[in-house]
Structure formats: structure tokens, C-alpha cells
Amino acid sequence: MRLIKARFDGFRLLDGAEFNFSTDREKNVTVIRAANESGKTTLLSALQWALFGDEALPGSYTTISMDIPEGKVGTTTAEITYEVETAKGTRRYRLVRSLSDRAGSANRPKSTVELEEIKTTGSDSVPNVESYLGQHMPADLREVFFTDGDRALSFIEGRRADQQKRVRRAIEQLMGLPLLDLALDHVKKAEREIRAKADRVAGDDKLTEVRAQLEALDEAIPDTETKLATAAEEIANLGDLYSRADRALQDALKRGNKEEVAADLAKIEKQLAASEARKRAADAEQACLLSGLEFAKEMMGPKLKAAGKILEDLRKKGQIPNSTVPVLEDRLTHAECICGETLDSNDTDGARRRAHILHLIEDSRATDALKARISTLYYESRDLTNGKVGWKDKYVKAYSARSSEQETYEDLGRQTAELEVRLDKIKDNNVQSAREMRDTYLQQLSSKREQSTRLDVTLRNLRQQRGEQSKAMETLLARESKGKRFAAELAAAGDLRKIVEQTLVTMKTREVDAVSRRMNELFVQMIGADPDRAMIRRAAITPDFNIIVYGRNERLLDPSQDLNGASRRALTIAFILALTQVSGVDAPNVIDTPLGMMTGYVKREVVKVAAASSSQLILLLTPDEINGCEDILDAVAGEIVTMTNPAHYPVMLKHDPGTTDARVIVCKCDHVSSCESCERTVPTTARSSQATA
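Going by our numbering, the sequence shown wraps up at 702, each residue one higher than the last.
Rendered as C-alpha cells:
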């Protein structure tokens, strides 16, 4: 199928919007340039609705224009002209799908569709339109050929089983494997009918028994196959859940166990309190050394020694200790002097001597205070000048102890602060819960794997039993003259069945390998992966329909987590293009915003590879996506138009579009041109130039 032209009336923002698509084999790309909120996604939805019907839209999706007032009826119409290649040549068709809906209605009514073949002699109406459309473009292929950059990521993101299912369904549908499944069911049905006829004709009890066993086996085998497939999906899901739980556990372990961190914090806080007490004691000891007698001896040692020598000289001269006045006063209490003369006050000489002593006492009092101080200093300074001085050693020891304790205190303080921060970050972090969750998934995964192994063994046994029973029936029929004809028919049906079954197995294996190889070639080309230097080396599809990526040293990478956004989009686009090429299906690839998150080399290569790998490529691109790819589009694009939303004036549009309707304006401006309808306040590309519509 190749799209030729499309027109939409009353489909949301698309009202009177016409598009021509390139059918040139050389310039096979059509570019719809549109800024965000300018109808790209609407156009993608409109094309799918027209070709695939109501099922292509979500149930709550409203097609009618937003300008239709609440409660009023609006009509939506899509007209698609396309052509298909047949054994008799190219045939052209016109498809018209329409519906009428009431604005604000909760339920969208069913659409009506008409299809006619366009001939040189006129147009012929085609009956059974949906059946015809299914032949031209099977509905199961819709998400492969009509997608957007985000939706395409579903092949590598989400639950593992869902990824596998999408990849498997896409491959099987494009390779026509469902038709082979139908053919196999038809052959099995024919076998059952032949056995039933043979049983009725022969009338042999043993034959009836064998037939019954074969019928039971033919029911048991598909049932077991279904259970095995379901188990495989559950294993994939549980494997995915286990991986996520294990990552969550590892993250939790990195952040720390809440209980362990709290216990460590309490322990450190206790050590911090003890260290603080020791630090205070060390401070007090050091302060004591700076205010005691030993400190004075250490600081004033030489001066004290010099003063002590002076005091000792005074002592030797008799000037200290100071005792003159006390001795004289003591003598006045006696009747005679120390020399033996009388001191009696009634005696003339005694009175004279007493008066002289009193005079001496008064003369001595003037110098008594100084001598008293000197005497006191002499006696008290002996402790300062005598003995070994050890203050310096004590101070060095105390200073070292205090400094060491200060470092310990500060280190414990830092540890406390760090643990408090960690504890604050892991308030809701529960390592034990994460470990239990991981172990639960592991247990369920192991149990499901054991179940899968049992089912696989059961399936092998059932198939072996069926082979034995088939041979038994052939033997029984060969003995009966009436059964020989049925034996030949059964043998032919059995051979045909084996051929179809083997073809299915071969195609599933061979075609998956073919898609895998081609996807890898396209992907590596898109991202410019050098075989010897790149971080990403190759991509592949496993027999279980998982898309995987290998890095250096054959390290397995998770596409949904280990690849950047540009590489993820490139990988899914490579998968879609590989499917298209390997299947040989001639259909358009319509991709909305495929180059999001891409820049530079990868963006340019994706455009080149996509254009070379598609029979017809329709790209819905923003100006930013186009930027840097102008020269490539010059070479590969056969049709380019621009969609503009009038609601963007005056903020983003330079000129008044002349309408406030909720619809986009389609102009013929290409990827480097602009007109009064589409020119934006910021140039769309580096090569933007002025043109007329």
C-alpha cells in the first residue's frame, strides 16, 4: 500500500486539511513540518482512524472540531486515496470514513465507511470494506507502520512480558504466521474428520479407543502449549520484577539500613559525649597548669634565682629575718638589759637606759615594714627556688592529650553529622523490606521455572504419545480393507501437518534471526557504533522475543535503562524498519516526532537510514527536529508541507493568520521556507528564508 492523498474535514484541528504524499521511488519521503501543538499527533490519529476504523482510537477520543458548541452535532470525514500492487498491476482506491457526533457526548458513535476502486472507466464500489482493508493493511500492523517516537519505545520499555508480546506479535503478523496457524488448525480438523470416518466405517473397538486417545491428546497438547506460553510470560514478568527488586535492594543498601544507621548514630553520639567530657577534663588540666605555682617557677625561674641570691645575702648580713623591734620591746618587760645593767624606771640610770631603748624602737619602726616584706619574701621564695622544675614536661603532655582529644571530638562530630544526613535521607528506606521483596520474587521465579520445566516435559511426553497413537491408528487401518483408503488420507494429512508445523518453527526461528540481524545493521549505522571503540557494540532479538543490546566485552545492557534517549529511539525505529524490510510488506511508515531527544550525527543518520529502508516514509517533524537535517531532506523528500496553529499568534507567530478557528492552516512551505501564514517569531531553521504561499 502507498498513500497518495488525504483530506480531513471536522477531525479536531484538521478541517479542510489536504495532504499529498510522495510516491516517488527515489524521493520517497513526505515531511509534514509542524511546531508543537500544531496537529502532528492529530494527523497520525486521523490517518489510523480512516484506515483501521474506530478501534484505532481510544474509547473516550472525540473526533469532532472543538469549535462545535456543547450539544451541537458535528460531522467528521476522512478521505484517503491509496494504491496497492497486485499480480494484475497497480490498483488505486478511494476510502471515505465519516461519523456524526454530538459535542460533549460521552460515547463516540460508530463510523461508516465506503471504499471504491478508481478505474479509467470510472469508480466501482467495493463491498465488504473492512475485509478489503484488512487485506491491504492488516489492523494488527497498525502500531508498526503508524507510530510516534514515544509509543515505539514500548518495544523496549515496560514489563518484560509486555515487551516480548509486542515484539512477537509484530514479527508474527508481518511474516504472515497467523495464516500458517490457521492452516495448521485446518489440517488438524481434517485429520479429526478422517479418523472419525474411518472409525465409523471400520467399526473396530480398538480403533475407536485409539481415536479417542488421539482426540484427547489433540486437546491436551494445545492446552499444555498455552500453559507453557503463559508460564514463560509469567517467568519474564517475575524476572523483571526480581531485577527491579534487586536493584531497589542494592540502592537501599547504598543508602544504608535505617536501623543500622540509627544504631551507629546512637553509638557515635555516646562516644561524642564521652569525648566531650574528656576534652573538658583536658581543658581544665591545661588551665590549671597555666595558673599554678609550677607555671610561675617555669616562667620566672631565672628572676627568682637572682632574687633568692639577694635575699640570702641579706640573711647572712643579719638584716633578715626582721627581729629588732620585738627584741627591744621584749627587753623592756624585764628589770635589766641583756648586758646586765638595770632597766628599772625608778633608777636614774635605769630610766635613762629605758628611754634610750624606747628611742631605738621608734627609730626601728620606720624600716620595719620593708624588712618584714623582705623577710616574708625570703621564707616564701625558698619553695620557688628549691627543687626540680617539671612544669614543661607536664604541659607538653597535657597539651598533646587535649589536642588529640580535640581531633577525636571533631571527627566524631563529623561522623554524627554525616549519619544524621544519611538517616534523614533514608527515613522511608527499609532494607529488610526490600530484601524480603527481592527474595519473594526469587522464590516465585524459581517456582514458576520449575512449573515451566514440568510443563515442557509433559508437552514432550504428550507429543511422543501422539506419535505412537498415530502409528497405532495407521497400523490398525492398514489391517482393514475398508480402512486402507483412510490410512492413505491420514498419512497425507499427517505429512501436510508436519510440513506446516516445521514451516512455522523454521519461520519463527529464521525470520526472527533475519529481523535481528537487519535491526542490528540499521541500529549500528544510526548511532555510528565503531566495532572496536564504541560503548554500544550490537543489538539483537532473542528467541524469547526480547530486544537486547551488548556493550563492550559482550556486557548485556538493558535498553530501557542503560541507553540514552536518542539510542533508545534509534533502536526502536531500527526494529520497525527491519520488520518492514524483512517481511517485504509494501506499506507506508508514518512516524510522529521520531527525532525527539536526538542531535547531531544520530539524528542525521536516522533520517538517512529510515529514508533508505522504507518504501514510503511519512515524517511528522518539528522545526527543531528538522534543524541540521535540511540537506538530507533536500535529497530524499518528494513532498513537504507545513501545518500552523493560528492560536500561536501573536506569541509564536509573526503575522496575524486572519482566523481564530480551532483548526490548523496547511501551506506549501517546505522545510526551509516560511510565508505570512507560518512564519514564526523565531526562525524555524538556520536556512530559513522568506517565500510566498
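The C-beta atom is built at its ideal place from N, Cα and C for all residues, glycine as well.
According to the Cβ coordinates, are residue i and residue j closer than 7 Å?
i           : j           : result
residue 60  : residue 184 : no
residue 11  : residue 32  : yes
residue 229 : residue 471 : yes
residue 615 : residue 579 : yes
residue 558 : residue 548 : yes
residue 584 : residue 528 : yes
residue 38  : residue 588 : no
residue 158 : residue 603 : yes
residue 23  : residue 581 : no
residue 226 : residue 475 : yes
residue 586 : residue 622 : yes
residue 291 : residue 414 : yes
residue 99  : residue 85  : no
residue 555 : residue 173 : yes
residue 164 : residue 176 : yes
residue 668 : residue 655 : yes
Could you check the C-alpha separation between residue i and residue j for me, to the nearest Å?
i           : j           : result
residue 91  : residue 663 : 36 Å
residue 508 : residue 178 : 22 Å
residue 49  : residue 112 : 22 Å
residue 239 : residue 456 : 14 Å
residue 182 : residue 189 : 11 Å
residue 13  : residue 447 : 54 Å
residue 428 : residue 263 : 13 Å
residue 410 : residue 276 : 23 Å
residue 118 : residue 66  : 12 Å
residue 359 : residue 348 : 12 Å
residue 422 : residue 286 : 14 Å
residue 741 : residue 510 : Lying outside 10 to 702, the shown extent of the chain, residue 741 is not represented and no answer is given.
residue 216 : residue 244 : 41 Å
residue 53  : residue 156 : 8 Å
residue 636 : residue 96  : 42 Å
residue 499 : residue 214 : 19 Å
residue 281 : residue 297 : 24 Å
residue 700 : residue 683 : Here the model assigns residue 700 a pLDDT of 41, short of 50, so the residue's position is not dependable, and the following value carries that caveat. Distance between the alpha carbons of residue 700 and residue 683: 6 Å.
residue 18  : residue 131 : 24 Å
residue 695 : residue 47  : Because the pLDDT of residue 695 is 44, which lies under 50, any placement of that residue in the model is unreliable, and the number read from its coordinates should be weighed accordingly. The alpha-carbon atoms of residue 695 and residue 47 are separated by roughly 21 Å.
residue 601 : residue 612 : 14 Å
residue 416 : residue 288 : 10 Å
residue 115 : residue 70  : 9 Å
Let me check understanding here. Comparing Cα to Cα, which of the options lies closest to residue i?
i           : options            : result
residue 480 : 81, 364, 100, 204  : 204
residue 270 : 625, 165, 426      : 426
residue 443 : 132, 256, 18, 95   : 256
residue 458 : 237, 441, 606      : 237
residue 691 : 633, 651, 646, 648 : 633
residue 250 : 200, 644, 449, 518 : 449
residue 125 : 433, 88, 546       : 88
residue 522 : 553, 536, 498, 535 : 553
residue 242 : 254, 570, 461      : 461
residue 166 : 683, 567, 651, 639 : 567
residue 537 : 512, 592, 609, 685 : 609
residue 593 : 405, 524, 35, 175  : 524
residue 451 : 441, 252, 601, 74  : 252
residue 151 : 598, 68, 618       : 598
residue 591 : 564, 531, 639, 571 : 531
residue 678 : 685, 689, 651      : 651
Throw me the rounded Cβ distance for the residue i and residue j pair, which I believe falls under 8 Å.
i           : j           : result
residue 55  : residue 20  : 5 Å
residue 109 : residue 82  : 6 Å
residue 653 : residue 673 : 6 Å
residue 503 : residue 224 : About 15 Å; that fails the 8 Å criterion.
residue 57  : residue 478 : About 48 Å; that fails the 8 Å criterion.
Leaving out five residues on either side along the sequence, give the residues of the same chain with a beta carbon under 6 Å from the beta carbon of residue i.
i           : result
residue 123 : 105
residue 453 : 247
residue 496 : 483, 486, 487
residue 574 : 606
residue 424 : 277
Ordered along the chain, which non-local residues of its own chain (more than five positions away) have a Cβ less than 7 Å from that of residue i?
i           : result
residue 551 : 557
residue 94  : 595
residue 40  : 628, 630, 642, 646, 649, 680
Please tell me whether residue i has its Cβ less than 7 Å away from any Cβ of chain B.
i           : result
residue 535 : Among the chains of the structure shown, chain B does not appear; only one protein chain is present.
With a CB to CB cut of under 8 Å and the five nearest residues on each side skipped, what residues in its chain are close to residue i?
i           : result
residue 234 : 468
residue 121 : 106, 107, 108
residue 352 : 340, 341, 343, 344, 345, 346, 359, 362, 363, 366
residue 620 : 37, 38, 626, 641, 645
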